[in-house]
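Convert by adding 120 to the 1-based position in the sequence shown; the result is the number in our numbering. We treat Cβ as the ideally placed atom computed from N, Cα and C, and that holds for glycine. Remember, predicted model here, so these are calculated numbers, not experimental data. Structure first, commentary second.
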Amino acid sequence: DNFFTMTIYEKGAELIRMMQTLVGRKGFRKGMDLYFERHDGQAVTTDDFAAAIADANTADFNQLKLWYSQSGTPRVRVSETWDAGKGEYTLHLEQSCPPTPGQNEKKPFEIPVRLGLLDKTGKDLALNGTDVKINSDGLPLVLLKKDKQSFTFKGLTEKPTASLFREFSAPVILDWQRPVEELYFLMAKDSDGFNRRESAQQAALQVLSGLVKSAKAGQPLVVPDSYLTAWSEALTADLDPGYLATLLSLPSDSMLMQYETEFDGPAFRSAREHLVKNLARVNRTELLGLYRRFHGVDAQKADPATHGRRRLKNLALSVLVETEDPEILDLVKQQYDSAQNMTDRMTALSLLVDSKDPRKEAALKDFHQMWKSDSLVLTKWFAVQANATQDDTLEKVAALTKHPDFQITNPNSVYALLRVFGTNLVRFHDPKNPGYAFMADRILEVDAKNPQVASRLAACFQVLGKLPADLREKAKTEIRRVLDEPKLSKNTRELLAPAVQPS
């Protein structure tokens, strides 16, 4: 039951996408035609598929297929040199992959690197380099096939800003200690949608990390003006509304936890609140303009364009609400009351629930009354309360387990309330009142009825390595209590046992 992992389900798709990147969409279409011509109705292997794509494009995928036989995720380290006298810019790429069980030594992977070089205005420069390949779509890339390779680009009048692994051309870990100002620049200027968003995420992570550090040290929290400027420039760019909502969304606490060496809930919360309040302060006029421009437009349509506009105006509202301005809270309440679709209603409800606005209790009662006969919609009602970052969230979640509409035997109910609370890092790992004992009791209760669901709940304890020592020991105490249950299922035991084993 614990066999179905992201690696098994998604790695194969990424390898096929790399084949498409290498030969281009047109070349990939030729390869697919040849594949069906050769193998329609047959039982085939990945080798047969790769051979068809390669043969149709006179390509060699022998090294690329090492991705199938070698485990682990390659790490690509990047450095750069600029020779102003010659007008030459050189990228130095070095790949590595740590040992994995049964594979201490790894051969170099073939890694396609889609790239662009930008001038100071954000315009893509011509790539004048002997190692640049052009696929059937006319898109440039270089191939990293050795442990170390350098790629030089000539004829430049100024040092460019590099945009690497465009369109996520290879599933690698990028190790590049580039100046944060370059991330701000790419966030505001890059023509590649994936890299623009990735730069925005990395920039926000660095800003949040700095704020967390200041909060932990008891120092004033200061958001860099250059980040605020880049975010504002992106906000006013002529971009698809749905993409703009994705671009401007801040990374989650779980992403920030991966970035930090240790999780500190109060510091995380202070950092996020301070950042969002500053974004709202600097961009209030533009955010309100976006909200009013799109709110209520085609409110009952469900096409992608309308969905994107709805996401953007709700993002604007979620940023503005951090100011706790009564005018904005009135907008939230008005949106809840007049909502013509579930997205708008749930957004408004979640913003109210995660505020100190006294009207939130009436909104919760109203939503429950409206949807009490629909158990699927009620899962949203449970989840929005479990995800709140307010100080009383644990007490509310505990009370909701006794609500007549909560069914401990219903996986959807359990996931909506308990699993959502377990992923609410700020509240589940609250140093003053952690939810460990409460969750351990629920895991034991669910495990007796549905081990698969219980094992998914148990996953909330898989972040122990990031917790401060005192919280880690409290969590281990509760994990041991669960493991002491002689009738505990194998599913739950194998997920929890590693957490308390000596390192």
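Distances from the alpha-carbon of ARG479 to those of GLN505, ASP450 and THR499 put ASP450 closest.
For the stretch 335 to 409, the continuous alpha helix (DSSP H) assignments of 4+ residues that do not extend past its boundaries occur at 345 to 355, 361 to 368, 373 to 379 and 385 to 402, in sequence order. The residues GLY428, in chain order, have a CB closer than 7 Å to that of ASP360 in the same chain once the five nearest residues on each side in sequence are set aside.
Membership of PHE169 in the alpha helix (DSSP H) is indicated by the continuous run 166 to 176. When C-alpha distances from LYS266 are compared across ASN255, GLN183, LYS333 and GLU605, the shortest belongs to GLN183. Taking every protein chain shown into account, the CB of ALA350 has 16 or more other CB atoms within 10 angstroms, so this residue is buried. Counting C-beta pairs with one atom in each stretch, the stretch 381 to 392 and the stretch 533 to 552 have three or more that are closer than 8 Å, which means they touch. Residue GLU302 holds the alpha-carbon nearest to the alpha-carbon of ASP239 among GLY258, VAL292, GLU302 and ARG298. In chain order, PRO424, ALA425, HIS427, GLY428, ARG429, ARG431 and LEU432 place their CB closer than 8 Å to the CB of GLY362, counting only its own chain and leaving out the 5 sequence neighbours on each side. The Cβ atoms of TYR411 and SER346 do not sit closer than 8 Å to each other.
DSSP, reduced to helix, strand and coil, places HIS415 outside both helices and strands of the structure shown, so it counts as coil. Comparing alpha-carbon positions, the option among ARG286, ALA282 and THR250 lying closest to THR272 turns out to be THR250.
A contact is defined here as three or more CB-CB pairs under 8 Å, and the stretch 362 to 375 meets this definition with respect to the stretch 309 to 322.
Here the alpha carbons of LYS516 and LEU584 stand approximately 24 Å from one another.
Residues LEU564, ASP567 and VAL602 of the same chain have their beta carbon placed closer than 8 Å to that of LEU608, with the five preceding and five following residues left out of the count. Runs of the alpha helix (DSSP H) spanning 4 or more residues and lying entirely within the stretch 168 to 230 occur at 186 to 189, in chain order.
Beyond the five residues adjoining it in sequence on each side, LEU407 comes within less than 7 Å, by CB distance, of ALA400, ALA436, VAL439 and LEU440 in the same chain, given in chain order.
PHE502 is positioned such that its CB atom lies closer than 8 Å to that of PHE526. In the structure shown, LYS266 adopts coil according to DSSP, grouped into three states. Excluding its 5 nearest sequence neighbours in each direction, ALA483 has C-beta neighbours in its own chain below 7 Å: TYR456, LEU469 and LEU472, listed in chain order. Straight-line spacing of the CA atoms in MET138 and ASP168 works out to 16 Å.
Residues LEU237, PRO260 and PHE273 of the same chain have their beta carbon placed closer than 7 Å to that of LEU247, with the five preceding and five following residues left out of the count. Taking 8 Å as the upper bound for CB-CB distance, PHE383 and LYS146 are not in contact here, some 47 Å apart.
Exclusion of the five residues before and after LEU348 leaves VAL402 as the residues of its chain whose Cβ lies within less than 6 Å of its Cβ. In the structure shown, SER283 falls within a strand segment according to DSSP collapsed to helix, strand and coil. Within the stretch 467 to 517, no beta strand (DSSP E) run of at least 3 residues lies entirely inside it. Between ALA282 and GLU200, the gap from beta carbon to beta carbon is short of 8 Å. With respect to the 8 Å criterion, GLY542 and LEU514 are not classified as neighbours on the basis of their beta carbons.
Its Cα nearest to that of SER191, the residue SER216 stands out among SER216, ALA171 and THR178. Remark: C-beta atoms of GLU598 and ALA574 do not approach each other more closely than 8 Å.
Considering only THR165, THR405, VAL327 and ALA617, the residue with the shortest C-alpha distance to ALA579 is ALA617. When DSSP states are grouped into helix, strand and coil, LEU238 belongs to the strand group. Sixteen is the threshold: since fewer than 16 other Cβ atoms of the shown chains lie within 10 Å of the Cβ of VAL342, the residue is exposed. If you compare the alpha carbons of LEU284, GLY330 and ASN224 with that of ASP310, the shortest gap goes to LEU284. In the structure shown, THR277 falls within a coil segment according to DSSP collapsed to helix, strand and coil. As DSSP reads the structure, PRO260 sits in a beta bridge with ILE254.
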